[in-house]
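Position one of the sequence shown corresponds to residue 415 (our numbering), numbered consecutively onward. From the three backbone atoms N, C-alpha and C, an ideal C-beta is built for every residue, glycine too. Heads up, the thing below is written out as structure tokens.
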Amino acid sequence: MAAVAIVGAGVAGLTAAHRLKRHGIRVVVYEASGRAGGVIMTERRDGYLAELGPNSLMSGGKALADLLSQLGLDASRVEAQREARKRYIVRKGRLVALPTTPSQVLTTRLLSNGAKLAIFGEPMVEPGDSPMEESVATFVRRRFNQEVLDYIANPFVGGIFAGDPEQLSARHALPRLHGLEHTHGSVVKALGQMMKAGGDERSPAPPPGLISFAGGLQEIPDALARELRSEIRLKAPATRIRRGTRGWTVDAAYQASELYDGVIYAAPAHCADDVELAFEGGDRVKTLASITHPPVAVLALGFRAEDVAHPLDGFGFLVPDVERRNVLGVLFSSTVFPGRAPAGHVLLTAFVGGVRHPDLANADLGTLTARVLDDLRLLLGVRGEPTFRTFHLWPKAIPQYALSYGRFKEIMDDAERRNPALGLTGSYRDGVAVGEVIGAAVQTADRVAAQLGAAERHGQ
Ligand SMILES: Cc1cc2nc3c(=O)[nH]c(=O)nc-3n(C[C@H](O)[C@H](O)[C@H](O)COP(=O)(O)OP(=O)(O)OC[C@H]3O[C@@H](n4cnc5c(N)ncnc54)[C@H](O)[C@@H]3O)c2cc1C
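In structure tokens form, the structure reads like this:
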């Protein structure tokens with residue numbers, strides 16, 4: 415029986431291990447910390463269910479659907495509630511609903527007439543010759559204008575990457591959106607067609623495919639860890655991955671060195687420098703550690719419902735950088751999914767830091783809480799003190815797919831080409847969203863299994 419070592423028990427490593435097992439391959443997962451799940455972290459306490467990492471994931475895609483059904487998670491899956499369809503953006507210190515239909519774009523207070531003209535005129539803008547690396551900001555300014563960048567693209571990039579559109583590569587950070595220019599000639603035209611295909615745009619359905627689980631997102635790594643059991647070695651950081659004539663050797667702290675037929679590196683890119691990578695191209699793979707990962711602090715706060723003036727009738731709000739507030743955004747967590755706060759209470763989850771305010775993410779908890787409360791009081795009319803609070807700091811949260819990210823992709827492709835049965839997968843590879851990370855991990859496991867001559871036992 416072939417054997418593969420997996421480094422990292424985040425959702426990428428656990429998914430890859432699960433998939434390899436289905437190919438009849440023996441797996442060992444090395445995890446540096448004392449728990450499985452990586453940045454997926456759910457806390458249940460005092461009647462609240464708070465997410466300290468990702469809050470929801472986009473359903474859709476066969477890899478994710480197959481994984482959830484194989485893990486028996488379909489029954490506990492929860493869809494975002496219908497009210498969560500509305501998303502707010504802050505403008506001039508107030509929450510304004512993001513327009514999602516042409517008539518809403520015409521009447522919204524979020525945008526000036528100039529920005530509205532830029533949106534309706536976008537289909538007439540000739541596709542550019544798509545320079546190899548164009549920033550998200552350049553792309554949006556080229557197709558729309560500065561205000562659309564400031565009040566739509568900037569807050570969304572803050573919400574997904576905790577990043578800066580001037581630094582992120584349009585092609586690598588938002589490949590689907592960027593590609594629409596060439597597939598449809600226009601972003602607006604393409605989005606309009608997609609909305610029509612997805613049903614009546616006025617339908618009061620929840621946002622397409624946003625899901626979690628009754629026990630929070632932690633249910634995914636928990637189910638994977640239950641299935642893998644003793645194949646996961648906790649508190650076992652890999653220190654060396656070496657390719658020799660007889661196969662691959664992995665050294666990890668407190669573990670005897672072991673021989674494998676293949677290796678999947680599923681630890682974060684910023685950890686690549688902590689591991690000796692003794693294989694062809696390994697030195698270049700170590701340069702992944704130079705990818706920027708800004709810090710993000712997550713602060714989940716519970717309040718008595720009567721202490722919040724805003725109806726919290728949406729997914730949450732995002733803050734454009736030009737508005738100069740403390741938070742990147744706040745989720746109305748108890749509106750998005752049921753069962754997140756005790757009766758008569760609400761749960762808000764605030765994200766602070768990112769490329770915009772790294773120092774604030776790293777501030778002491780007292781300062782951080784005070785700054786978040788400042789924003790909540792001004793923007794949501796919150797009164798009084800929180801009845802529940804929990805916090806987590808991710809010092810290196812999300813890899814930034816910045817300009818010239820293509821160079822890192824070439825390094826990874828090249829290392830995999832030169833070293834059969836090596837896989838490099840995780841949030842640094844083909845998208846940071848949980849669904850994308852799962853899809854990439856399945857693909858990597860399938861490729862490694864094929865290189866080892868394995869056939870899937872259960873068929874797909
Ligand atoms: C605050 C936050 C909010 C987010 N919100 C969303 C969201 O709402 N929706 C969404 O789709 N995505 C969201 N994301 C992104 C998504 O959660 C991540 O991209 C994804 O979970 C990363 O999974 P991973 O397995 O690649 O990495 P990780 O989860 O980072 O796991 C990597 C694992 O490798 C381990 N490791 C490190 N070094 C070693 C070593 N030497 N040996 C062994 N193990 C090692 C680490 O301890 C860790 O457990 C969010 C991310 C963050 C940080």
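Count the CB pairs spanning the segment 540–556 and the segment 581–601 that are closer than 8 Å, and state whether there are at least three. yes
Using the three-state DSSP reduction, which class does Glu615 fall into: helix, strand or coil? For Glu615, the predicted model reports a pLDDT of 46, less than 50, meaning its position is unreliable; a value from the coordinates is still stated below. In the structure shown, Glu615 sits in coil (DSSP, three-state: anything other than H, G, I, E or B).
Less than 8 Å between the CB atoms is what I'm expecting for Pro635 and Ile705, so what's the real figure, rounded? Their Cβ separation, rounded to whole angstroms, is 23 Å, which puts Pro635 and Ile705 out of contact at 8 Å.
Where are the beta strand (DSSP E) runs, 3 residues long or more, that stay fully inside the segment 575–663, in chain order? 624–627 and 652–658
Go to Gly716, then tell me how far its beta strand (DSSP E) extends in each direction, as first and last residue. Val710 to Arg718
Just list the alpha helix (DSSP H) runs in the segment 657–705, keeping only unbroken ones of 4 residues or longer that don't cross its boundaries, in chain order. 696–700
On the three-pair Cβ rule with 8 Å, is the segment 720–734 touching the segment 498–505? yes
Going by other Cβ atoms of all chains shown within 10 Å of its Cβ, with 16 needed for buried, is Glu615 buried or exposed? In this prediction, Glu615 scores a pLDDT of 46, lower than 50, which makes its location untrustworthy; the coordinate-derived value is nonetheless stated afterwards. Glu615 comes out exposed.
Is DSSP giving Leu428 helix, strand or coil here? helix
Which of the three DSSP states, helix, strand or coil, is assigned to Ser747? helix
Short of 6 Å in beta carbon distance, which residues of its chain neighbour Ser626, apart from the five on each side in sequence? Order them along the chain. Ser470, Val492 and Phe751
Neighbourhood of Thr400 by C-beta distance below 7 Å, restricted to the same chain and skipping five residues each side: With the chain represented from 415 up to 874, any question about residue 400 goes unanswered, as that position is not in the structure.
I'd like to confirm something about Ala859: is its beta-carbon nearer than 8 Å to some heavy atom of ligand 1, or not? no
Does the separation of the CB atoms of Gly728 and Lys500 fall below 9 Å? yes
Is His596 closer than 9 Å to Pro537 when the C-beta atoms are compared? no
Quick one: what does DSSP say Gly820 is sitting in, helix, strand or coil? helix
Thinking Ala529 and Glu561 are a contact (beta carbons under 8 Å), I'd like their distance in whole angstroms, please. 4 Å
Paired residues, beta bridge with Thr804 - DSSP: Ala714
If we count Cβ pairs, one from each stretch, closer than 8 Å, do we get three or more for the segment 781–791 versus the segment 713–727? yes
Could you name the residues of the same chain whose beta carbon sits closer than 7 Å to that of Asp687, not counting the 5 residues immediately before and after it, in chain order? Lys700 and Ala703
Assuming Val766 and Leu742 are in contact, meaning their beta carbons sit under 8 Å apart, how far apart are those beta carbons, in whole angstroms? 6 Å
Arg436 to Ile852, Cα distance in whole Å? 15 Å
Simplified DSSP assignment, three categories, for Met538: helix
Rounded to whole angstroms, what's the CA-CA distance from Leu866 to Tyr668? Just pull it up for me. 28 Å
Excluding the 5 residues preceding and the 5 following Tyr842 in the sequence, name in chain order all residues of the same chain whose CB lies nearer than 6 Å to its CB. Ala683 and Pro813
What does the alpha-carbon distance come out to for the pair Val510 and Pro709? 28 Å
C-beta atoms of Asn833 and Gly661 nearer than 9 Å: no
Could you tell me how far apart the beta carbons of Leu774 and Leu762 are, in whole angstroms, since I believe they sit closer than 8 Å? That belief does not hold up - the Cβ atoms of Leu774 and Leu762 are roughly 17 Å apart, past 8 Å.
Residues sharing a beta bridge with Gly730, DSSP: Arg501 and Leu745
Euclidean distance between Cα positions of Arg433 and Ser447: 22 Å
Could you tell me which whole beta strand (DSSP E) segments of length 3 or greater appear in the segment 463–512? 491–493, 501–505 and 508–511
Opposite Ile420 in the DSSP bridges: which residues? Val443 and Ile678
Alpha carbon to alpha carbon, how far is Met455 from Thr659? 40 Å
In this structure, how does DSSP classify Gly837 when only helix, strand and coil are distinguished? strand
When you measure from the CB of Val453 to every non-hydrogen atom of ligand 1, does any distance come out below 8 Å? yes
Short Cβ contact (9 Å threshold) for Phe717 with Gly798: yes
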